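I have placed the structure first, in the form of structure tokens, so that the comments after it can refer back to it.
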Amino acid sequence: MDSDTANVARIQEYAKAVDAGDIRCPVTVCPHCRRKVDHFGCHQRRNRGFRALVRRFVRAVASRAVRWRCPHCGKTFTTYPDFALPFKRYSRQAVLEMTGRYQGDDDIGYREAAGRDGLPVFYEGRTPGEMDYRALCHSTVWRWMTSLSRYAPIVQKALGLIRAKSSTSPVFRDPLVVHPRKYRSEQRKGILKCVLRLFQVEAAYRGVFHESIFLHLAPSCGWGHKGIHRRHERTSVDSP
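What follows is the structure, given as structure tokens:
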């Protein structure tokens with residue numbers, strides 16, 4: 006089974022696990038009142054569609070989402086499985102693959118990053134493998150970059166954990182160099198540097214803890230809570 010097929014299978018299996026009641030809340034601190042909770046009660050199970058990459062197609066995959074209620078403040082929040090990003094329909098694999106391709110090659114633009122093997126990625130029709138002739142828009146990659154640049158709190162938390170475990174990690178010396186052809190304004194340069202730092206820290210965190218920062222660390226930072234993006238939009242990713 007290739008990685009694309011495995012990703013689609015994970016999305017489908019998650020829906021079955023939700024319906025079977027096998028999903029437990031991955032966080033122990035309420036993102037609203039910040040109080041520690043031993044057990045969050047399930048507030049709602051709802052249908053949620055995701056878009057995953059399958060070779061050169063974008064496939065719509067039906068799944069489920071879970072919303073939890075805090076026993077202290079009574080407020081609710083949504084948690085996200087390992088294949089998803091908050092407020093994004095596309096799978097995390099698709100988002101990180103294409104933004105990573107753009108960041109990793111100084112010679113390509115957003116149009117090239119939004120494709121595979123030098124060709125556009127098209128949306129899949131109702132029949133698997135059938136193309137409906139709508140291509141993934143290159144501006145989508147830029148919107149993903151903007152969203153990822155707001156994950157500064159997760160980056161900072163990860164750097165602190167890496168420092169505690171391995172203070173000599175090269176991530177603390179990695180330069181943040183963005184090629185001049187990638188931006189025309191200081192604002193865009195700043196966004197690209199934030200995303201570059203995110204990828205650097207993700208690689209370092211995997212090397213130290215053998216898992217992605219998006220698996221357990223990100224949920225513990227309250228990344229699915231809308232306020233996190235507004236509160237930390239201007240936070241520098243250079244601080245540990």
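In this note's numbering, the protein residues as written are 6 to 245. We treat Cβ as the ideally placed atom computed from N, Cα and C, and that holds for glycine. Computed from a predicted structure; not experimentally measured.
Q | Same chain only: Cβ atoms within 7 angstroms of K41, ignoring 5 sequence neighbours per side | A | T33 and V34
Q.
Which of the three DSSP states is assigned to W228 in this structure?
A. In the structure shown, W228 sits in coil (DSSP, three-state: anything other than H, G, I, E or B).
Q. So what's Y128 in DSSP terms, helix, strand or just coil?
A. strand
Q: Enumerate, from N- to C-terminal direction, the unbroken alpha helix (DSSP H) stretches of 4 or more residues contained entirely within the region 159–217.
A: 191–214
Q | Secondary structure of T84, DSSP reduced to three states | A | Of the three classes helix, strand and coil, the one that applies to T84 here is strand, per DSSP.
Q.
I need the boundaries of the beta strand (DSSP E) containing R53, first residue and last residue.
A. G46 to V59
Q.
Could you check whether the region 6–14 touches the region 55–66, counting it as contact only if at least three pairs of C-beta atoms, one from each stretch, sit closer than 8 angstroms?
A. yes
Q: Go ahead and pull the three-state DSSP assignment for A118.
A: helix
**Q.** Continuous alpha helix (DSSP H) stretch holding V63: start and end
**A.** Boundaries around V63 are those of the beta strand (DSSP E), F62 to R74, since no alpha helix (DSSP H) includes it.
(Q) To the nearest angstrom, how far is the alpha carbon of G120 from that of A140? (A) 9 angstroms
Q.
Within 8 angstroms, do at least three Cβ pairs link the region 191–207 to the region 148–158?
A. These segments touch.
Q) Between the C-alpha atoms of C226 and A163, what's the straight-line distance to the nearest angstrom? A) 10 angstroms
Q: Inspect the CB distances between the region 203–219 and the region 165–178 and report whether three or more fall short of 8 angstroms.
A: yes
Q: With DSSP as the reference, label V34 as helix, strand or coil.
A: For V34, the three-state secondary structure derived from DSSP is strand.
Q: Could you check how far apart the C-beta atoms of G54 and R15 are, in whole angstroms? I think they sit under 8 angstroms.
A: The beta-carbon separation of G54 and R15, rounded to 15 angstroms, does not stay under the 8 angstroms limit for a contact.
Q | Assumed close pair Q98, L201 - CB separation to whole angstroms, cut-off 8 angstroms | A | Rounded, the Cβ-Cβ distance is 19 angstroms, inconsistent with contact.
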